[in-house]
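When you line the sequence shown up against the UniProt record's numbering, it's residues 1 to 261, in that order. Beta carbons are placed, not taken as given, at the ideal position from N, Cα and C, and that holds for glycine.
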Amino acid sequence: MTQTTPDAPVRRQRAQVKVRTLRTDRWWLVPLLTFLGLSSFLVYGVWAIIDNSYFVDPYIAPFSSPCLSTACPEGARLFGWAPIGDWYTLPPGLLILGLPGGFRLTCYYYRKSYYRSFWLSPPACAVQEPHGKYTGERRFPLILQNVHRYFFYAAIVIGLILAYDAVLALIHKPDGLGTWILVLNAVLINAYSLSCHSCRHITAGRLNHFSRHPLRYRAWTFVSKLNAKHQPLAWASMFSVMGADLYVRLVAKGIIAFPYA
Numbered sequence: 001m002t003q004t005t006p007d008a009p010v011r012r013q014r015a016q017v018k019v020r021t022l023r024t025d026r027w028w029l030v031p032l033l034t035f036l037g038l039s040s041f042l043v044y045g046v047w048a049i050i051d052n053s054y055f056v057d058p059y060i061a062p063f064s065s066p067c068l069s070t071a072c073p074e075g076a077r078l079f080g081w082a083p084i085g086d087w088y089t090l091p092p093g094l095l096i097l098g099l100p101g102g103f104r105l106t107c108y109y110y111r112k113s114y115y116r117s118f119w120l121s122p123p124a125c126a127v128q129e130p131h132g133k134y135t136g137e138r139r140f141p142l143i144l145q146n147v148h149r150y151f152f153y154a155a156i157v158i159g160l161i162l163a164y165d166a167v168l169a170l171i172h173k174p175d176g177l178g179t180w181i182l183v184l185n186a187v188l189i190n191a192y193s194l195s196c197h198s199c200r201h202i203t204a205g206r207l208n209h210f211s212r213h214p215l216r217y218r219a220w221t222f223v224s225k226l227n228a229k230h231q232p233l234a235w236a237s238m239f240s241v242m243g244a245d246l247y248v249r250l251v252a253k254g255i256i257a258f259p260y261a
C-alpha cells in the first residue's frame, strides 16, 4: 500500500479500463432499440412530407397541420384561412414540420437518446466512448441546442392546433375511430410539450419565493409531475403522432374504409 504524508500531493486519476467495457449484460440493446425507434420516425417523416393524401373530411393528418395555402383543401385550412395564398404549392408539411421537429431535435431527453444511439457518446454507462474528446454543447454545432426554449413556444402553438383539429373531428364525427385517435394524439402531444424542462423553468424556475407566487407555484408543481414522465411521454407522443398521421392518410387513400373510420 502506498503511504502519503500530510504534505504529500494526492494523485487523483480515473480508473484505466483497457477493454471497451467490463459489463456482461446486454447494454447495447437499449441504444440499438433507440436507434431503430428514432430512425423509424425520421423515415416516416420524410415520406409524410412528400405524400399528398393528408386530408379526408373531417380529419387532417397531424404532420400537415396547419395547412395555410389556398392549394390546401378548403376543409383542411386553419379556420378556413389561407394566409400564404396560392404561390406555395409544395406539401404543407415542409412549411411547418420544422417547428415541432426542431422542438424534438433539441429536447433534453432526445439529445441523450440520439447522442447515445447515433453518436455513441457514450453508448451506455460504464462503456468506453469511441470519441477522442468531448467538448459538450459549448461549440458549434451543438451550441445551437440552446434554442430549445424558443422551439418550446412554437411547439405549444402546434399542440393547440392539433387539439383544435381533434375537437373539430369530435364535433363532426364523434363516432369515428379516427376522431378518437386524433384526440388521444392531441392529449399526448400537449402533455409531452408541457412536460418539457423549459416549460418547468418558465412557470417558476427563477422564483426565489414560492409563497409570493402561489399560482405559479401550483403550475410549477403540475409541470414538475409531468416532467418526471418526460421520457415515456416523448416516446408515446412520437408513436401517437406517427400512428394518427398514418391512419388519416390510409383513410384518405381509401385503404382503410371502416364503417366508422
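Checklist line | Cβ-based neighbour list, residue 258, same chain, cut-off 8 Å, excluding 5 preceding and 5 following | finding: Result list for residue 258: 177, in chain order.
Next item on the list: Drop a sphere of 10 angstroms on the beta-carbon of residue 186, count the other beta-carbons inside from all chains shown, and report buried for 16 or more, exposed for fewer.
Entry: Residue 186 is buried by the Cβ-count criterion.
Notebook entry, point to check: What is the DSSP secondary structure of residue 249, counted as helix, strand or coil?
Noted result: Here residue 249 sits in helix by DSSP.
Notebook entry, point to check: By DSSP, does residue 107 sit in helix, in strand, or in coil?
Noted result: DSSP, reduced to helix, strand and coil, places residue 107 outside both helices and strands of the structure shown, so it counts as coil.
Next item on the list: Just mark residue 50 as buried or exposed, buried being the case when its beta carbon has 16 or more other beta carbons within 10 Å.
Entry: By the 10 Å Cβ count, residue 50 comes out exposed.
Item checked: Spatial distance of residue 233 from residue 100 (CA atoms) -> Those two C-alpha atoms are separated by around 15 Å.
Margin query: Beta-carbon within less than 6 Å of residue 213's beta-carbon, same chain only, minus the 5 sequence neighbours each way: which residues are those?
Written below: Excluding residues up to 5 positions away in sequence, 207 lie with their Cβ nearer than 6 Å to the Cβ of residue 213 in the same chain.
Notebook entry, point to check: Are residue 34 and residue 113 touching if we call contact CB-CB under 7 Å?
Noted result: It is a contact, given that the beta carbons lie within the stated cut-off.
Next item on the list: Give the straight-line distance between the Cα atoms of residue 250 and residue 256, rounded to the nearest whole angstrom.
Entry: It is roughly 6 Å from the alpha-carbon of residue 250 to the alpha-carbon of residue 256.
Item checked: Beta-carbon proximity check, residue 193 vs residue 155, cutoff 7 Å -> Taking 7 Å as the Cβ cut-off, residue 193 and residue 155 qualify as a contacting pair.
Item checked: At least three beta-carbon pairs within less than 8 Å, the stretch 141 to 155 to the stretch 221 to 240 -> The stretch 141 to 155 is not in contact with the stretch 221 to 240.
Item checked: Cβ distance (whole Å) where residue 75 is taken to contact residue 58 below 8 Å -> Indeed, because the Cβ distance is near 7 Å, the residues count as touching under 8 Å.
Check: Roughly how many angstroms lie between the CA atoms of residue 14 and residue 111, to the nearest whole one?
Finding: Caution is warranted here: a pLDDT of 48 is assigned to residue 14, below 50, making its placement in the model unreliable, and no coordinate value can be reported.
Next item on the list: Thinking residue 170 and residue 179 are a contact (beta carbons under 8 Å), I'd like their distance in whole angstroms, please.
Entry: Residue 170 to residue 179, Cβ: 5 Å. Contact.
Margin query: Looking at the secondary structure, which residues open and close the alpha helix (DSSP H) in which residue 25 lies?
Written below: Residue 25 -> no alpha helix (DSSP H), and no H or E assigned at all.
Notebook entry, point to check: Which one or two residues does DSSP pair with residue 77 in a beta bridge?
Noted result: Looking at the DSSP assignment, residue 77 forms a beta bridge with 67.
Checklist line | C-beta atoms of residue 152 and residue 102 nearer than 7 Å | finding: Not closer than 7 Å, so no.
Item checked: Proximity of residue 109 and residue 201 at Cβ, strictly below 7 Å -> It is not a contact, given that the beta carbons lie outside the stated cut-off.
Notebook entry, point to check: What span of residues does the alpha helix (DSSP H) with residue 183 cover, start to end?
Noted result: Start and end: 177 to 194.
Notebook entry, point to check: Looking only at C-alpha atoms, which of 244, 28 and 82 sits nearest to residue 126?
Noted result: Checked all of 244, 28 and 82; the closest Cα to residue 126 is 28.
Check: What number of angstroms, rounded off, separates the C-alpha of residue 72 from the C-alpha of residue 209?
Finding: For residue 72 and residue 209, the gap between their C-alpha atoms comes out near 50 Å.
Item checked: Rounded distance between the beta-carbons of residue 183 and residue 61, thought under 8 Å -> Not really, about 15 Å apart at Cβ, beyond 8 Å.
Next item on the list: Would you mind stating whether residue 161 and residue 244 have Cβ atoms separated by less than 7 Å?
Entry: Contact flag unset, no.
Margin query: Rounded to the nearest angstrom, what separates residue 190 and residue 223 at their Cα positions?
Written below: Distance between the alpha carbons of residue 190 and residue 223: 12 Å.
Check: Looking at the structure shown, is residue 59 part of a helix, part of a strand, or coil, going by DSSP?
Finding: Correct three-state label for residue 59: strand.
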